[in-house]
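Participant: Here the sequence shown is numbered in the working numbering, starting from 1 and rising by one per residue.
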Amino acid sequence: MHNSTILPANSPARFWRMRRRVLARFGGGVAVAVLASLGAMPSPGPGVRSELAAAAAAAGRLPVSATHDGIRQALLIPFSDHVATVDPAGFPVSVVVTLHGLDRTTCLDAIATARRLEGEVVVELLDYAAPADCRDDNDMTWRFMP
1 MHNSTILPAN SPARFWRMRR RVLARFGGGV AVAVLASLGA MPSPGPGVRS ELAAAAAAAG
61 RLPVSATHDG IRQALLIPFS DHVATVDPAG FPVSVVVTLH GLDRTTCLDA IATARRLEGE
121 VVVELLDYAA PADCRDDNDM TWRFMP
């Protein structure tokens, strides 16, 4: 459920989306040459961290009486660059957000930059304890504790 909005030209999310398309279309050798011509782009980890922080801020603004649909809707907005699901069953104590289909590079960066976010709402990565846990395709889950 990727958002079809046009991303800014210098967006890390746009780079990684383009990278996947190029690899799928041209294969390894040509893709490496095309990607090298794009120049160095920032890693995707800070983008994931930014989306998690925005979702945490949204979780902090939710009233205790929020409905499950309202919680899902509010927390999914920041994840326009990823396929995400929200499990609000534990609200108001906790909410679980899973980002689906993250590649190995994004997984490694997320472990390094978004393992835990402290603030009004604490966000904590579940299960991925070490870089060795990252595979080619990852569903990574964070617990939000308002």
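By construction, the Cβ of each residue, glycine as well, lies at the ideal position given by its N, Cα and C atoms.
1) Using beta-carbon positions only, say whether His68 and His82 come within less than 9 Å of one another.
2) Using a 10 Å radius around the Cβ and a threshold of 16 neighbouring Cβ atoms, would you call Gly47 buried or exposed?
3) On the DSSP bridge assignment, give the partners of Arg116 in chain order.
4) Among the candidates Ala53, Asp139, Trp142, whose CA atom is the shortest distance from the CA of Pro78?
5) Between which two residues does the beta strand (DSSP E) containing Val48 stretch?
6) Tell me which residue opens and which closes the alpha helix (DSSP H) that Arg72 is part of.
7) Taking buried to mean at least 16 other C-beta atoms within 10 Å of its own C-beta, is Asp109 buried or exposed?
8) Any idea which residues DSSP pairs Met144 with across the strands?
9) Compute the distance between the beta-carbons of Val97 and Thr141, then report whether it is under 9 Å.
10) Leaving aside the five residues before and after Arg104 along the sequence, list all residues of the same chain whose C-beta is less than 6 Å from its C-beta, in chain order.
11) How many angstroms separate the CA atom of Asp139 from the CA atom of Tyr128?
Facilitator: In short, the structure shows the following:
1) Within the sequence shown, the letter at position 68 stands for residue 68. Within the sequence shown, the letter at position 82 stands for residue 82. Going by C-beta atoms, His68 is not nearer than 9 Å to His82.
2) Taking the first residue of the sequence shown as position 1, residue 47 is located at position 47. Gly47 comes out buried.
3) Counting from 1 along the sequence shown, the entry for residue 116 is found at position 116. Answer by DSSP bridge pairing, in chain order: Glu124.
4) Taking the first residue of the sequence shown as position 1, residue 78 is located at position 78. Closest by alpha carbon: Ala53.
5) Start at 1 with the first residue of the sequence shown, and residue 48 comes out as number 48. It is not in any beta strand (DSSP E) - Val48 instead sits in the alpha helix (DSSP H) that spans 45–61.
6) Reading the sequence shown from its first residue, position 72 is the one you call residue 72. Residues 68–76.
7) The sequence position of residue 109 within the sequence shown is 109, counting from 1. Around the beta carbon of Asp109, 16 or more other beta carbons sit within 10 angstroms, so the residue counts as buried.
8) Taking the first residue of the sequence shown as position 1, residue 144 is located at position 144. Checking the sequence shown, residue 144 turns out to be Phe, not Met. DSSP output for Phe144 lists Val95, Val123 as bridge partner(s).
9) The count along the sequence shown starts at 1 and reaches residue 97 at position 97. The count along the sequence shown starts at 1 and reaches residue 141 at position 141. Contact flag set, yes.
10) As a working note, residue 104 is residue 104 in the sequence shown. Taken in chain order, the residues that qualify are Cys134, Asp136.
11) For the purposes of this step, residue 139 is taken as the residue at position 139 of the sequence shown. For the purposes of this step, residue 128 is taken as the residue at position 128 of the sequence shown. Distance between the alpha carbons of Asp139 and Tyr128: 10 Å.
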